[in-house]
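K.L.:
Note that this note's numbering has the sequence shown beginning at 53, numbered continuously upward. Heads up, the beta-carbon is just placed ideally off N, CA and C, and yes, glycines get one too. Predicted model only: the values in this text are computed from it and were never measured.
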Amino acid sequence: MSKVVLEQSHGGEDFSYDQDSTSSTDTEEYLDLADLNDFMDCNTAPIWQTDKQKVIESLIENCCDNTSFKELEILTSMLGFVDALRKKVWPVIAQSNGILERSSSEEIKHHHYYNQVVLDVKRILKRFPPVVSFIGKTNLVNQLPTKISCINDYFKHPIFHSSKINDESSIEGYFCSKKKILFLYCYNIYDTNTLVMLDKHEDTLFEKGFLHYFSNLRDTSTRHLLFLFLVSHICVVTNASSSFDLNYIQLFKTLDSVRTKLQGSVAEVLKTVPGLPKDWLTLGRLCSPRVLFYFEQRPPVLDENLKSLQHLMEDQIYRLLRKCRVITNVCTNSLFAIPSNQEFVFFKPKQQDRFTFLLELLNDTFEIGNESPNDFREFLSQHITLAQTEGFSDNVGRHVGPSIFVLPPARVWFDAAFKLFDFFTNSTANGLKGFQLLRSILDVEGQFSEARCLKVLPLALAAYQENLPSHYSSQYHENKKTQAKALLSSHGRGPAVQKFLGRLDTECDRFWRNGRRMCEFPSIIGNPCIQPVHRVHAEESSDSKLPVLPHMSGVRYVSACSCGRRQANREDPYDVEYANSGFYRLIEEECCGRLRHVTFPIFKPSSDHFEPANLKGASKSMHFARDVEKLITGTEDLSLGPDENEFPALSVDHLSQVAADDHEESQTSLGKGEAAEAIDEDNLMEIAGTHELPAVSTRDFSTTEYLPCMLHVNSPSGILPRYSSWSLVCLGSSSLYSHNAGLSDQPGFLAGSGFLLPWDIPVRLHHNESNGLDGRRTHNLGYSGKGKRVKQGQHEFTVKIFIGVEYECPRGHRFMSSSPGRILKATGAGLVKDSAQLITQNDVPLYLPCPCPYNRGGKALIAQLMRLHVVTPKAAVHVTVDPKVRPAPPPCPEFVTGFTEPIQLSPSSYWILRFPYVYEDENQIYTHPKENARAAQHGYLLKGTCGVMELANE
């Protein structure tokens, strides 16, 4: 902020300016008219004033009789006092011989000369004194600036004591009523004290840059300087050294150019000032101010040569200013004028500290010592006296007109000064051509930076828009913006780079949001939707102009059906129902739809009005992985499986059939989708079902509310899910599997891994023991031990069961496990040396790194436990399955099928239990682990899944 401050004089007299004062009386108007017409606009005193002075002087000499007193009273009451005779006239009129007694305020107001004195004071105030302004540069740090010390030197009194600066640029002043002089000084960015103060604005400097911030300060300071040139009669320009600063020439040219551009606007402001002299309105300023130069440091010369050096400096400055056309013959056309026959250069005699200054002031008060011959008061007083009496006429040449010099009334000056100051500091006037010219001249670095960045900005925008797809993700958008910003930063220069980086960021965002944004809604696995921004349902309350489209990430996986005989491309799932049931229901129409299935417990509504159950203490939120670090940009990267011609995408109506006769061809075809090997997937599997359903508890199930997630051991009782995430299907007779040939009708298995593990179980039959309620007996698994004698009435034999734990990776690669955490590897002749005992008696990992040879970069895909193969024997036993899956470390719940008892599988049959693709409880959806090294320890199929039950005797 900038300010104008007028300080109180040291003599105790206050200079007040009242804009709301009332109009003068008839006598006052007569005196004002005489002052304006005969005193201020003339170079000599008027005739009536000279005659009045002679008459009063003669009456003062002959004031012995009453007649003289009466004539003096009449004369002074008609024409008023002259300033020089004031001290002589008042004692004579009061008849006190120079001694006046103090009277009360009431006595003073009732005195018959009171009104005359009031008119006299007002008239003196209306004769406004000349204005002297101090501008320029100083280099004193933590001391009084030169502009303040000049005023103190003039008065021989410390008018200003402090050098503390609160604003970057401001104007302060001092009015002396004794000498009738108004002093103004401006401290701004050209002072060292102000530059030191910039450390307080560290945050602003860091945000906007030094050049931008400094150019703003220079603009404000230069406006204040131009204001002083318009309202001053004398301008003292200080120099920080003993030589003339050539930078002043450029500053003066700038001020003159801006003044010429703003002359019309200044005239419009001055028209609003009542009582403004016509010459001031025409010229736009009081006069062409006279400029004096004050040098802060004294040159290294002797005292007797200092005056000669001043004259040489005057000649040098005059030639420089004339050569640069800063001053001309007609001072009205110039920013300022230089006197032709008076001194205008002053060198400070010597450097003085504050103590020395006060000591010399004390000596001067008591008349100790002689006054210095090189006194600044004497140097400045000659110009002030000329301004008070005759005015300045600094035109040179033969054919020049008269100079304009105006001493306006105080009320008019202050009114005009305040309005001009508001005009120069008001931000609404920044659009004027003069201020724009000022900004362009001062901020050369900024103008170059603006022009350079303005030229580079289209190139950066073109770099952003190059090879853009029809719609793209936010990460791709940010990458393109980073490239464009790098181009702008490398070719742009100066402080405007940050400003244009912001413009570039805004333009790129606007271009992206204008129909090119990608939906990016994450799938269950975490892949973003690559469709344009859209609505999923027409009744959504979002923007009605958006199209209605399903979510699609563009990522496709290869998955086998429930029986494993067909493979098809599946879309990246966006809901659990499609992942665990919808996809397999579609593919079953052409594959295993005619096979025997086990029906799992699901919700059956009793009416059309039903809703999900409100589960206390659990908020159904999908905290699945939404990691979108790698966006799919190419069509090849969008598929994790084989070529689309080999495994077409699964549609609602059709599924493509995959030939599985040649196992080696299947291996080759599965490697074609290696471009998207960075996509990982978690698949969770559980075992459930039998053709003979076990007994379900007698609890009543709700027919109006359904479970909004999968069943687990902590699920509330009496509520079932709307669909089953498990599948149990019988392929047919046990003869379909050949232990020597392996799984010949199952595509996608890795070489040497398509075999089931034999499981030999000794079984004892108790013929004489009573049967259970259902006519069957259940026996523990395991061997009874060789060489152990069998009791009478018992019969022991060995049952061979074939079991296979199948894993499937997102590319469709399938393999069996020989033991927890190990991949099955059969010999070249198809011999399997491993047994299934380790599989059945231990927890089986739910995830394993896939050993497929198409993984790039050393990062293997994660395969998920998806199926359990069981070939039951031709014996009087039932094989049972009761799967429990914990897909993540505790406190993750254990997911179950919904049956209260183990599922019994029919003898001499080939059964396949398909596990869920994903697992969901009330709080979250469980995904695969992020680290392949710890995938085997993430989730488990708990032990006790398989068992054997004896058939009852008929």
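1. Give me the DSSP bridge partner(s) of Leu-802.
2. From what residue to what residue does the beta strand (DSSP E) around Asn-268 run?
3. Spatial neighbours of Thr-756 within its chain, please: C-beta separation below 6 angstroms, excluding the five flanking residues on both sides.
4. With respect to the beta strand (DSSP E) encompassing Gly-784, which residues constitute its N-terminal and C-terminal limits?
5. In chain order, what residues of the same chain lie with their CB nearer than 7 angstroms to the CB of Val-857, ignoring the 5 residues before and after it?
6. Under the three-state reduction of DSSP, which class applies to Asp-243: helix, strand or coil?
7. Quick one, which of Leu-171, Ser-777, Cys-238 has its alpha-carbon nearest Ile-200's?
8. Could you check what DSSP says for Ser-445 in three-state terms: helix, strand or coil?
9. In terms of residue numbering, what span does the beta strand (DSSP E) encompassing His-1009 cover?
10. Closer than 6 angstroms by C-beta to His-990: which residues in its own chain qualify, once you throw out the five before and the five after it? Chain order, please.
11. For Ala-987 and His-649, I'd like the C-alpha separation in whole angstroms.
12. Could you tell me the alpha carbon to alpha carbon distance between Ala-912 and Val-922, rounded to whole angstroms?
13. In whole angstroms, what separates the C-alpha of Leu-494 from that of Lys-232?
14. Around the C-beta of Asp-713, are 16 or more other C-beta atoms found within 10 angstroms, so that it is buried, or is it exposed?
15. Looking at Cys-761 and Glu-629, is the spacing between their C-beta atoms short of 7 angstroms?
16. What's the C-alpha gap between Leu-802 and Ser-796?
17. Alpha carbon to alpha carbon, how far is Ser-294 from Val-479? Give it in angstroms, no decimals.
18. Do Arg-863 and Val-585 have their C-beta atoms within less than 7 angstroms of each other?
19. Can the beta-carbon of Gly-486 be found closer than 7 angstroms to that of Val-310?
20. For Glu-81, I'd like the list of residues in its chain whose CB is within less than 6 angstroms of its CB, leaving aside the five on either flank, ordered along the chain.
21. Only counting runs of 3 or more residues, tell me where the beta strand (DSSP E) segments fall wholly within the region 548-619, in order along the chain.
22. Are Asp-467 and Val-378 closer than 7 angstroms when you measure CB to CB?
23. For the region 553-572 against the region 515-527, are there 3 or more C-beta pairs whose distance is under 8 angstroms?
24. Can you tell me which of the three DSSP states Arg-622 falls into?
25. Does the Cβ of Leu-993 have 16 or more other Cβ atoms within 10 Å, making it buried, or fewer, making it exposed?
26. Tell me the DSSP secondary structure of Thr-290 in three-state form.
27. Inspect the CB distances between the region 561-580 and the region 523-530 and report whether three or more fall short of 8 angstroms.
28. Please work out which residues of its chain come closer than 7 angstroms, Cβ to Cβ, to Glu-502, disregarding the five sequence neighbours upstream and downstream, and give them in chain order.
29. Roughly how many angstroms separate the alpha carbons of Arg-374 and Ile-160, rounded to a whole number?
30. Does DSSP classify Asn-381 as helix, strand or coil?
31. Taking the straight line between their C-alpha atoms, what separation do you get for Thr-312 and Asp-271?
32. Where do the ends of the alpha helix (DSSP H) carrying Gly-486 lie?
33. With DSSP run on the structure shown, which of helix, strand or coil describes Tyr-899?
34. Measuring only the C-alpha atoms, how far is Cys-782 from Asp-627?
35. What's the C-alpha gap between Ser-785 and Gly-999?
36. What do you get for Ser-691, buried or exposed, if any count of 16 or more other CB atoms within 10 angstroms of its CB means buried?
P.N.:
Let's see:
1. Answer by DSSP bridge pairing: none, since Leu-802 is not bridged.
2. Where Asn-268 is concerned, there is no enclosing beta strand (DSSP E), although the alpha helix (DSSP H) around it starts and stops at 262-283.
3. Answer for Thr-756: Phe-662, listed in chain order.
4. According to the DSSP assignment, Gly-784 belongs to the beta strand (DSSP E) that extends over 779-785.
5. The answer, listed in chain order, is Met-868, Ser-869, Ile-891, Val-896, Leu-917, Leu-920.
6. Of the three classes helix, strand and coil, the one that applies to Asp-243 here is strand, per DSSP.
7. In terms of Cα proximity to Ile-200, the closest of Leu-171, Ser-777, Cys-238 is Cys-238.
8. Coil.
9. One cannot answer for residue 1009 here, as it falls past the ends of the chain, which runs 53 to 1006.
10. Once the five neighbours on either side are set aside, the close Cβ partners of His-990 are Tyr-899, Pro-981.
11. The alpha-carbon atoms of Ala-987 and His-649 are separated by roughly 32 angstroms.
12. C-alpha separation (whole angstroms): 29 angstroms.
13. Cα-Cα distance, rounded: 37 angstroms.
14. In this prediction, Asp-713 has a pLDDT of 37, which is less than 50 and means its spatial position is unreliable; what the coordinates show is noted afterwards. By the Cβ neighbour-count rule, Asp-713 is exposed, with fewer than 16 other Cβ atoms within 10 Å of its own.
15. Cys-761 sits away from Glu-629, with the two beta carbons spaced by 7 angstroms or more.
16. Rounded to the nearest whole angstrom, the CA to CA distance from Leu-802 to Ser-796 is 12 angstroms.
17. The amino acid at residue 479 is misidentified as Val; the sequence shows Ser. Rounded to the nearest whole angstrom, the CA to CA distance from Ser-479 to Ser-294 is 38 angstroms.
18. No.
19. Contact flag set, yes.
20. Only weak support exists for where Glu-81 lies, its pLDDT of 41 falling under 50; the coordinates are left without a value.
21. Counting whole runs of 3 or more residues, the region 548-619 contains the beta strand (DSSP E) stretches 608-612.
22. Taking 7 angstroms as the Cβ cut-off, Asp-467 and Val-378 do not qualify as a contacting pair.
23. Under the 8 angstroms Cβ criterion, the region 553-572 counts as touching the region 515-527, having at least three qualifying pairs.
24. Arg-622: strand per DSSP, three-state reduction.
25. Label assigned to Leu-993: buried.
26. Judged by DSSP in its simplified three-state form, Thr-290 adopts strand.
27. As far as the Cβ criterion goes, the region 561-580 touches the region 523-530, which means the pair count is three or higher.
28. For Glu-502, where only same-chain residues beyond five positions count, the Cβ hits under 7 angstroms are Ala-548.
29. Note on geometry: alpha-carbon atoms of Arg-374 and Ile-160 lie some 58 angstroms from one another.
30. Shown here, Asn-381 sits in coil according to DSSP, grouped into three states, outside any helix or strand.
31. Near 17 angstroms, if we compare the C-alpha coordinates of Asp-271 and Thr-312.
32. Note, Gly-486: alpha helix (DSSP H), 485-494.
33. In the structure shown, Tyr-899 sits in a strand (DSSP, three-state: E or B).
34. Straight-line Cα distance between these residues: approximately 28 angstroms.
35. Straight through space, the alpha carbons of Gly-999 and Ser-785 are spaced by roughly 20 angstroms.
36. Note that Ser-691 scores a pLDDT of 38, beneath 50, so its modelled location is shaky; the value from the coordinates is reported in the next line. Answer is buried; the Cβ neighbour count reaches 16.
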